[in-house]
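**Student:** Chains A and B, in that order, are what the protein sequence lines are. If you're matching positions, the first sequence starts at 143 in this note's numbering and goes up one per residue. If you're matching positions, the second sequence starts at 143 in this note's numbering and goes up one per residue. This is the structure, below, for whatever I ask next.
2 protein chains.
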Amino acid sequence: MKPEDMILVSVDDHICEPPDMWDDHIEAKWKDRAPKLVHKPDGTDSWVFEGQQLVNVGLNAVAGRPPEEYGMEPTALDQLRKGCYDVDARIDDMNVNGVLGSLCFSSVPGFVGELFARQDDKEMAAAMVRAYNDWHIDGWCGAHPGRFIPLAIPMMWDAQLMADEVRRVARKGCHAITFPDAPTNLGFPSIHSETWEPFWRACDEEGTIVCIHIGSGTRMKLEDMAAPIEIMIASTPISLYGCAAELTFSKFLRKYDNLKIALSEGGTGWVPYFLERADYVYEHHKYWTKQDFGDKLPSDVFREHIVTCFIDDAVGVRTRDLIGIDNITWECDYPHSDTTWPVAPERLWKSLDGVSDEDINKMTHLNAMKHFNYDPFAHLPREECTVAALRSRATDVDLSLKRGGGGKSPSDYESGYVTIGDVVQQMATAISTPIE
Amino acid sequence: MKPEDMILVSVDDHICEPPDMWDDHIEAKWKDRAPKLVHKPDGTDSWVFEGQQLVNVGLNAVAGRPPEEYGMEPTALDQLRKGCYDVDARIDDMNVNGVLGSLCFSSVPGFVGELFARQDDKEMAAAMVRAYNDWHIDGWCGAHPGRFIPLAIPMMWDAQLMADEVRRVARKGCHAITFPDAPTNLGFPSIHSETWEPFWRACDEEGTIVCIHIGSGTRMKLEDMAAPIEIMIASTPISLYGCAAELTFSKFLRKYDNLKIALSEGGTGWVPYFLERADYVYEHHKYWTKQDFGDKLPSDVFREHIVTCFIDDAVGVRTRDLIGIDNITWECDYPHSDTTWPVAPERLWKSLDGVSDEDINKMTHLNAMKHFNYDPFAHLPREECTVAALRSRATDVDLSLKRGGGGKSPSDYESGYVTIGDVVQQMATAISTPIE
């Protein structure tokens with residue numbers, strides 16, 4: 143295989159929602175209360191919902207900027223690459239990067255719809271969640287059949303409503319839904335609570351994968367203001383290690399045979415260590431803890447249920463036999479600063495030296511198709527889905543770097559480098575100017 | 143090489159301090175205020191210091207119990223294997239396990255002397271730290287020359303006092319000292335603070351390795367009472383991932399060429415992932431963060447300064463070229479429940495299939511000797527230091543499992559298995575009975 147022959151499906155990208163997203167999908171009675179993008183007197187944009195400003199319009203959506211400006215936080219929609227919020231431009235950006243399929247996480251509602259879950263008016267909140275999902279499935283993914291894996295957000299405050307929504311969107315062809323890695327951090331019951339049973343059951347029965355994204359529950363470590371920002375960036379993916387342990391030793395995962403969970407943006411290179419440690423702990427301690435995995439080991443349960451993904455992770459590729467070759471998927475993370483866009487195929491290929499075509503195909507697209515219930519070849523002939531074929535359609539996409547894109551500076555560089563305190567300060571000021 | 147030919151040096155074991163440890167080493171004026179082991183009316187023992195009971199006499203010191211009783215928390219010294227607190231018995235237990243050398247962490251003062259650091263009377267506290275170190279170096283390690291790597295505890299409240307203590311104990315042959323993985327969690331400045339400069343400088347100049355043990359700063363995740371206890375046990379070693387990131391991107395580590403830091407009980411299998419991630423983050427983000435590693439990468443800085451260790455970690459052995467073969471050491475964790483005692487050589491050997499003698503020797507003892515400034519062969523001929531030679535001296539050590547060893551039960555098993563809530567409850571009741 144050559145790099146241009148790969149078929150790439152990314153199971154973790156992001157949408158910066160367009161302002162017109164609520165126009166066609168919210169029930170008329172709630173239309174006036176939907177989130178609105180407001181242009182502020184200082185020239186910045188802000189989403190406003192129920193009188194509150196949301197943190198940002200395009201959090202870290204810096205694809206297409208020169209690396210020197212990755213830290214400039216966009217403060218207006220026109221500072222973003224159009225592919226961040228416009229679905230046709232997104233397809234162009236996928237094509238030019240050789241990416242066939244994409245699963246896109248929400249921004250405005252939070253990863254798990256927590257913006258809506260925080261509202262007192264739960265009837266309104268549920269309507270917003272349904273409208274968001276309808277827009278995402280019909281408006282965004284529906285615009286280009288075969289190019290997106292639809293992903294719903296849940297009504298976190300009511301597991302029965304969540305189950306109903308899983309079944310409702312499944313009938314519309316959506317078989318993925320988000321869930322936080324540590325629901326207790328958002329004020330919800332832990333995954334060891336019986337509360338979630340209706341939700342797990344619905345996902346199990348509908349073949350719906352549960353997508354747990356980094357930062358969806360466990361908060362980033364931001365306490366040490368003097369620490370270089372790299373410490374936070376380097377530590378974020380592996381924040382899902384704890385979630386992997388919670389899931390592997392949970393009761394519910396062993397109960398629902400068909401249930402699949404994706405650790406979104408969690409990386410893969412740490413998984414062999416985790417699995418060995420989980421088995422060691424089980425075999426070493428089960429006599430007093432009374433845990434019982436029957437004829438299985440914790441690592442077996444992990445491999446039966448949990449799907450990992452990576453952006454650029456040579457260690458994970460090298461140790462893929464220990465992770466489970468059927469459990470590894472790939473992601474692009476467009477348009478966030480960790481993305482390898484628009485050279486994803488070239489970056490990925492460097493990690494694939496000596497890997498068989500069969501294993502490459504599993505990691506690049508076959509596993510994603512299987513676990514996420516996604517069949518692009520029902521819409522597009524396979525030969526039109528390769529990196530080379532997609533790139534041949536995108537010859538007029540502008541890849542010049544957008545210098546001076548605008549936004550908030552990350553730091554005054556007083557310490558010589560960007561610290562966590564600098565970035566906390568940068569975020570805090572994003573919502574400091576009044577709406578009008 | 144055969145398993146019995148290995149020479150094993152463990153860089154992470156633990157002492158349960160004997161009650162007479164203060165007799166010969168504390169200055170006369172403070173003798174009455176030294177911690178005392180008190181036998182309570184309910185039959186349990188408790189250390190008492192400045193009117194406060196300490197949590198336990200032998201926290202998790204369960205070596206020699208049947209695995210069914212690993213969870214029974216010892217509540218009296220006579221419930222422990224003698225090797226936990228008696229140095230001659232410890233040597234027998236090392237011999238029977240084929241272990242030549244051992245670095246032993248403190249229990250009563252905490253890993254970093256935080257029991258003393260919490261006291262208002264800093265003169266008394268400093269005297270206690272010095273007395274502890276003198277007992278550890280002269281009383282414990284000094285009893286069997288060549289068999290222990292001495293390890294001091296610091297005066298965490300004063301970096302200059304710490305530096306002085308580094309130099310004082312170095313003159314006594316001690317070239318290792320503890321430090322917490324997240325000092326801010328104990329109320330001290332972060333490692334990015336200039337505060338610690340005198341300490342780092344003293345360690346650099348004296349060739350003293352800084353030993354950062356799991357649980358010394360970052361607390362275990364104990365919030366979710368319904369979670370199986372395995373989640374906590376499986377997640378604890380990798381709690382040092384964040385510390386590895388803090389160190390690698392810190393200013394001070396690049397400043398002191400000679401400074402070495404050990405990640406004690408941190409495991410090794412996750413290190414290749416960490417190093418790849420650290421380099422990715424640096425190369426991807428340095429343009430806006432302004433971090434500058436000169437002609438090096440973060441992974442180079444890690445390998446120049448940071449020493450890892452593992453109990454049983456086949457993944458780390460397999461990926462040792464990515465960690466750095468000179469950075470890997472081995473540990474036994476006697477007498478805690480994760481230990482492989484008394485079959486450490488057999489357990490370790492399973493992970494060494496296909497590994498060259500040179501690499502085995504580095505991981506089992508040569509790296510520990512180099513980084514911890516430890517030369518057992520100055521005291522014992524090399525041929526007397528192998529697993530086989532040591533075991534031949536320990537033919538009369540009683541290895542029968544001590545059933546019904548006593549202590550606090552971990553759980554009523556109401557959930558079917560031990561939960562985090564059960565263990566929190568168990569610990570809380572350990573100090574609930576009055577002293578008299």
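Cβ atoms here follow ideal geometry from the backbone N, Cα and C, with glycine treated the same way.
Which one of B:S335, B:M304, B:L257 and B:P523 has the shortest CA to CA distance from V190 (chain B)?
**Tutor:** With distances taken between Cα atoms, V190 (chain B) lies closest to B:L257.
**Student:** Enumerate in chain order the residues of its own chain whose CB-to-CB distance from R545 (chain A) is below 8 Å, with the five nearest sequence positions on each side excluded.
**Tutor:** Taken in chain order, the residues that qualify are R207, P208 and E211.
**Student:** Would you say T450 (chain B) reaches chain A, if we count a Cβ-Cβ gap shorter than 9 Å as a contact?
**Tutor:** Cβ-Cβ to chain A under 9 Å: no for T450 (chain B).
**Student:** So, at 8 Å on beta carbons, what are the nonlocal neighbours of A231 (chain B) in its own chain, with the 5 sequence-adjacent residues on each side left out?
**Tutor:** Closer than 8 Å at the Cβ level, and outside the excluded window around A231 (chain B), lie R223, K224 and G225.
**Student:** Near V560 (chain B), which residues of its chain fall below 8 Å by C-beta distance, leaving aside the five closest residues on each side in sequence?
**Tutor:** Hits under 8 Å: G213, P370, I371, P552 and S553.
**Student:** Against Y516 (chain A), what residues of chain B qualify as contacts under a CB-to-CB distance less than 7 Å, listed in chain order?
**Tutor:** The premise fails here: Y516 (chain A) is roughly 27 Å from chain B at the closest Cβ pair, so nothing lies under 7 Å.
**Student:** Below 8 Å on the Cβ atoms is my contact criterion, and I expect T378 (chain A) with M362 (chain A) to pass it. Report the Cβ-Cβ distance as a whole number of Å.
**Tutor:** That belief holds up - the Cβ atoms of T378 (chain A) and M362 (chain A) are roughly 6 Å apart, short of 8 Å.
**Student:** Could you tell me if N202 (chain A) is buried or exposed, where buried requires 16 or more neighbouring beta carbons within 10 angstroms of its beta carbon?
**Tutor:** Under this definition N202 (chain A) is a buried residue.
**Student:** Output the boundary residues of the alpha helix (DSSP H) element that contains T431 (chain A).
**Tutor:** Element bounds for T431 (chain A): V413 to T431.
**Student:** Give the secondary structure of K178 (chain A) by DSSP, where H, G and I count as helix, E and B as strand, and everything else as coil.
**Tutor:** Here K178 (chain A) sits in strand by DSSP.
**Student:** DSSP beta-bridge partners for P370 (chain A)?
**Tutor:** Its beta-bridge partners are A:T561.
**Student:** Would you list, in sequence order, the uninterrupted alpha helix (DSSP H) runs of no fewer than 4 residues that lie entirely inside the stretch 335-370 of chain B?
**Tutor:** Fully enclosed alpha helix (DSSP H) runs of 4 or longer: 339-348.
**Student:** So which residues on chain A does A420 (chain B) lean against when the C-beta distance must stay under 8 Å?
**Tutor:** Near A420 (chain B) (Cβ distances below 8 Å), the residues of chain A are E372 and A376.
**Student:** Quick one: list the residues of chain B neighbouring Q433 (chain A), beta-carbon separation under 7 Å, in chain order.
**Tutor:** What Q433 (chain A) touches in chain B: P370, E372 and Y559.
**Student:** Taking A510 (chain B) as the reference, give the member of B:M143, B:G193 and B:L150 with the closest Cα.
**Tutor:** When only C-alpha atoms are compared, the closest one is B:L150.
**Student:** Applying the 10 Å Cβ sphere with the 16-neighbour rule, what's the burial state of E215 (chain A)?
**Tutor:** Buried, since its Cβ has 16 or more Cβ neighbours within 10 Å.
**Student:** Here's the rule I'm using: 16 or more other beta-carbon atoms within 10 Å means buried, otherwise exposed. How should T537 (chain B) be labelled?
**Tutor:** It is exposed - the Cβ of T537 (chain B) has fewer than 16 other Cβ atoms within 10 Å.
**Student:** What in chain A is Cβ-close to L464 (chain B), meaning under 7 Å?
**Tutor:** Within 7 Å Cβ-Cβ: V457.
**Student:** Indicate whether the contact test is met: 3 or more Cβ pairs, each with one atom in the stretch 448-459 of chain B and one in the stretch 489-499 of chain A, closer than 8 Å.
**Tutor:** No, the stretch 448-459 of chain B is not in contact with the stretch 489-499 of chain A.
**Student:** For F391 (chain B), go through chain A and note every residue whose CB falls closer than 8 Å to its CB, in chain order.
**Tutor:** A369, P370, E372, I373 and A376, listed in chain order.
**Student:** Just curious, the alpha helix (DSSP H) that H447 (chain A) is in, first and last residue?
**Tutor:** P440 to H447 is the extent of the alpha helix (DSSP H) around H447 (chain A).
**Student:** To which residues of the same chain is K550 (chain A) closer than 7 Å at the C-beta, ignoring the five residues directly before and after it?
**Tutor:** Answer for K550 (chain A): M214, E215, T217, Q568, T571 and A572, listed in chain order.
**Student:** Counting pairs of beta carbons, one from the stretch 178-197 of chain A and one from the stretch 393-401 of chain B, are three or more of them closer than 8 Å?
**Tutor:** Because the criterion of three Cβ pairs below 8 Å is not met, the stretch 178-197 of chain A and the stretch 393-401 of chain B do not touch.
**Student:** Just the C-alpha distance for S152 (chain B) and S534 (chain B), rounded to the nearest angstrom, thanks.
**Tutor:** Going from the Cα of S152 (chain B) to the Cα of S534 (chain B) covers about 19 Å.
**Student:** With 16 other CB atoms within 10 Å as the buried threshold, where does L541 (chain A) fall?
**Tutor:** It counts as exposed.
**Student:** Quick check: what's the CA-CA separation for K492 (chain A) versus V197 (chain A)?
**Tutor:** K492 (chain A) and V197 (chain A): Cα-Cα distance of roughly 37 Å.
**Student:** Since V529 (chain A) and M270 (chain A) should fall inside the 8 Å C-beta cutoff, what is the C-beta to C-beta distance between them, to a whole number of angstroms?
**Tutor:** V529 (chain A) to M270 (chain A), Cβ: 38 Å. No contact.
**Student:** Write down the C-beta distance between E347 (chain A) and H317 (chain A) rounded to the nearest angstrom, noting that I regard them as a contact closer than 8 Å.
**Tutor:** With a Cβ gap of about 11 Å, E347 (chain A) and H317 (chain A) do not count as contacting.
**Student:** Starting from L257 (chain B), follow the beta strand (DSSP E) in both directions and report where the run begins and ends.
**Tutor:** First-last for L257 (chain B): E256 to A259, but that is the alpha helix (DSSP H), not the beta strand (DSSP E).
**Student:** When the Cα atoms are used, what is the spatial distance from K428 (chain B) to G284 (chain A)?
**Tutor:** Cα-Cα distance, rounded: 38 Å.
**Student:** Can you tell me where the beta strand (DSSP E) with A404 (chain B) in it begins and where it stops?
**Tutor:** Run containing A404 (chain B): I403 to S406, per the beta strand (DSSP E) assignment.
**Student:** Give me the subset of the stretch 394-409 of chain B whose CB atoms are less than 7 Å from a CB atom of chain A, sorted by chain position.
**Tutor:** Those would be G409, in chain order.
**Student:** Short of 7 Å in beta carbon distance, which residues of its chain neighbour H286 (chain A), apart from the five on each side in sequence? Order them along the chain.
**Tutor:** So the qualifying residues of the chain are V229 and I233.
**Student:** S248 (chain A) by DSSP, collapsed to three states: which one?
**Tutor:** Of the three classes helix, strand and coil, the one that applies to S248 (chain A) here is coil, per DSSP.
**Student:** Determine the chain B residues that contact V423 (chain A) at a beta-carbon separation under 7 Å, and present them in chain order.
**Tutor:** Simply E372, I375 and A376.
**Student:** Could you run through the stretch 315-328 of chain A and flag, in chain order, every residue whose CB is less than 7 Å away from some CB of chain B?
**Tutor:** Per Cβ criterion, the list reads T326.
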